[in-house]
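Shown next, in structure tokens, is the structure this report addresses.
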Amino acid sequence: MTLLYSDPCFLDHDTGSHPECAERLRRVNAHLRETGLASRCELQDVVPVDPRNLHRVHTEKYAAQVRELSTRGGGRIEADTALSERSYDVALRAAGAACHAVQRVVRGAASRALCLVRPPGHHSLSKSAMGFCLFNNVAIAARMAIAKLELDRVLIVDWDVHHGNGTQDTFWEDEQVGFLSVHRFPFYPGTGDSDETGSGPGLGTTLNLPITFGISRRDYAQKFTTELLHFADKLKPQLIIISAGFDSHRLDPIGSLGLEVEDFGTLTKALIDVANEHAEGRLVSVLEGGYNVDILPLCVAEHLTELLKADAT
Numbered sequence: 370m371t372l373l374y375s376d377p378c379f380l381d382h383d384t385g386s387h388p389e390c391a392e393r394l395r396r397v398n399a400h401l402r403e404t405g406l407a408s409r410c411e412l413q414d415v416v417p418v419d420p421r422n423l424h425r426v427h428t429e430k431y432a433a434q435v436r437e438l439s440t441r442g443g444g445r446i447e448a449d450t451a452l453s454e455r456s457y458d459v460a461l462r463a464a465g466a467a468c469h470a471v472q473r474v475v476r477g478a479a480s481r482a483l484c485l486v487r488p489p490g491h492h493s494l495s496k497s498a499m500g501f502c503l504f505n506n507v508a509i510a511a512r513m514a515i516a517k518l519e520l521d522r523v524l525i526v527d528w529d530v531h532h533g534n535g536t537q538d539t540f541w542e543d544e545q546v547g548f549l550s551v552h553r554f555p556f557y558p559g560t561g562d563s564d565e566t567g568s569g570p571g572l573g574t575t576l577n578l579p580i581t582f583g584i585s586r587r588d589y590a591q592k593f594t595t596e597l598l599h600f601a602d603k604l605k606p607q608l609i610i611i612s613a614g615f616d617s618h619r620l621d622p623i624g625s626l627g628l629e630v631e632d633f634g635t636l637t638k639a640l641i642d643v644a645n646e647h648a649e650g651r652l653v654s655v656l657e658g659g660y661n662v663d664i665l666p667l668c669v670a671e672h673l674t675e676l677l678k679a680d681a682t
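Just so we're on the same page, our numbering is the position in the sequence shown counted from 1, plus 369.
As structure tokens, then:
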């Protein structure tokens, strides 16, 4: 069974003409309904994140800054990141969806979950917003899985075109949470070179796969799959969380690594195989980027199709 977290509340994070806009999810949700994919999932309720889980990643001072700016009607919390009056509440629900999905999957209610949430999270740091992101949804969920669900090892895989610097920073010295990022490099945010591998007890639990623009689709998929298999064999995760950004598609207006819709199916199948081998099938996917509103629904549908195929096996 695949759980689906999709709620109208995520449209209330009103960023106007910003690339990370409500229309992204509006179009995705409509496409999943029209194709019948949504009806094949078990739709879940969305609730705000428990503050204790939020503050395992973000400071209380930073969360208060987000709340206060939203209460005042919104604005820019940093150069790239816009808030509206409802943004704080919506961001709490985005993180809450990721946490609830992890809880349900780890406890055996389902093997897989897809969280179609916004704002995205993988750039946000413990004390600050960055790159369209407010709270780091995947990091909050992963840390909760270790702290509350008694898992020993979690793997986060980030295939957004932009390096997930906030997630990397959160787990830089963490031996229990592995982080694999495949991303365009050099590119925003400037981090994610191959020599960034963690430090202290977390040395070796970060794996960056920087990709130069112009790589062939075949070489991209081969590098991702090969490195993923080796890294998972080393880490032996009990849960895999995907930072699922779709801005590596060749038509994305602010990213692109030349991928096509079907390539996201290939990436998904590779992760399903690894989850089946190491994590009893446990796989939770959380939306990050993807800014072509015509293409994003197709990419998400391809991703969800593979998750649903796994239900039948």
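Ideal placement from N, C-alpha and C gives every residue a C-beta, glycine not left out.
So what's residue i in DSSP terms, helix, strand or just coil?
i, result
"N661", "coil"
"S563", "coil"
"L626", "coil"
"A451", "strand"
"V486", "coil"
"S393", "One detail in the question is off: residue 393 reads as Arg in this sequence, not Ser. R393: helix per DSSP, three-state reduction."
"P579", "strand"
"T404", "coil"
"I641", "helix"
"V415", "coil"
"T440", "helix"
"I686", "In the structure displayed, the chain extends from 370 to 682; residue 686 sits before or after that span and is not available."
"L503", "coil"
"A511", "helix"
"L608", "strand"
"V426", "coil"
"T371", "strand"
"L677", "helix"
"H469", "helix"
"R421", "helix"
"S654", "strand"
"H382", "coil"
"R409", "helix"
"R445", "strand"
"P492", "Reading off the sequence shown, one finds His at residue 492, where the question assumed Pro. Residue state, collapsed to three classes: coil."
Kindly list the residues whose CB is nearer than 8 Å to the CB of residue i, restricted to its own chain and excluding five residues on each side of it in sequence; keep chain order.
i, result
"G443", "D383, A451, L452, S453, E454, S456"
"R462", "D376, C378, F379, V415, V416, P417, V418, V486"
"L576", "G547, F548, L549, S550, T566, E596, F600"
"K605", "R522, H647"
"R436", "Y457"
"P558", "H492, M499, G500, H531, H532, N534"
"C502", "T450, P488, P489, G490, H491, H492, S493, G535"
"R393", "R487, G659, Y660, V662, L665"
"P570", "E542, D543, E544"
"S568", "W541, E542"
My guess is that residue i and residue j are in contact by the Cβ rule of under 8 Å, so how many angstroms apart are they, rounded?
i, j, result
"I610", "V655", "7 Å"
"L520", "L608", "6 Å"
"T371", "L636", "Contact doesn't hold; Cβ gap of about 17 Å is too wide."
"V475", "A510", "Wrong, their Cβ atoms sit about 10 Å apart, outside the cutoff."
"T681", "R481", "The identity of residue 681 in the sequence shown is Ala, whereas the question assumes Thr. That belief does not hold up - the Cβ atoms of A681 and R481 are roughly 12 Å apart, past 8 Å."
"Q545", "I525", "That belief does not hold up - the Cβ atoms of Q545 and I525 are roughly 11 Å apart, past 8 Å."
"L735", "V643", "Only positions 370 to 682 of the chain appear in this structure, which leaves residue 735 out of reach."
"T428", "K517", "That pair is no contact at about 20 Å."
Tell me which residues share the same chain as residue i and place their Cβ nearer than 6 Å to its Cβ, disregarding the 5 neighbours each side in the sequence.
i, result
"F554", "G561, P579"
"R396", "V662, P666"
"E671", "V630, F633, G634"
"L401", "A407"
"T440", "none"
"H387", "A451"
"D381", "R455, V459"
Within a Cβ cutoff of 7 Å, which residues of the same chain sit near residue i, ignoring the five residues on either side of it in sequence?
i, result
"L626", "V530, R553, I580, F582, I584, Y589, S617"
"L494", "G535, D538"
"R586", "G627, L628, E629, D632"
"L438", "G444, I446, L452"
Out of the options, state which residue places its alpha-carbon closest to the alpha-carbon of residue i.
i, options, result
"L665", "Q545, G405, G614, V526", "G614"
"G500", "A510, A508, P488, I509", "P488"
"P420", "K430, A448, K592", "K430"
"C484", "L373, K678, G650", "L373"
"V426", "F540, Y557, E657, D621", "F540"
"A498", "D621, A482, I515, A460", "A460"
"F556", "Q545, G571, H532, D543", "H532"
"H469", "R587, L423, A448, R441", "L423"
"A432", "A464, E411, D449", "A464"
"E411", "R473, R512, Q591, D621", "R473"
"R619", "D680, T574, G659, L673", "G659"
"A479", "L503, M513, R651", "R651"
"T574", "D543, E657, T440", "D543"
"R512", "V669, G477, A467, L598", "A467"
"K638", "D621, E649, L673", "L673"
"S612", "D564, V507, E649", "V507"
"F593", "P570, E649, D527", "D527"
"N505", "E657, V669, C668", "E657"
Does the beta carbon of residue i come closer than 8 Å to any beta carbon on chain B?
i, result
"L597", "The displayed structure is made up of one protein chain only, and chain B is not part of it."
| What are the complete alpha helix (DSSP H) segments, minimum 4 residues, inside the segment 513 to 565? | 534 to 539
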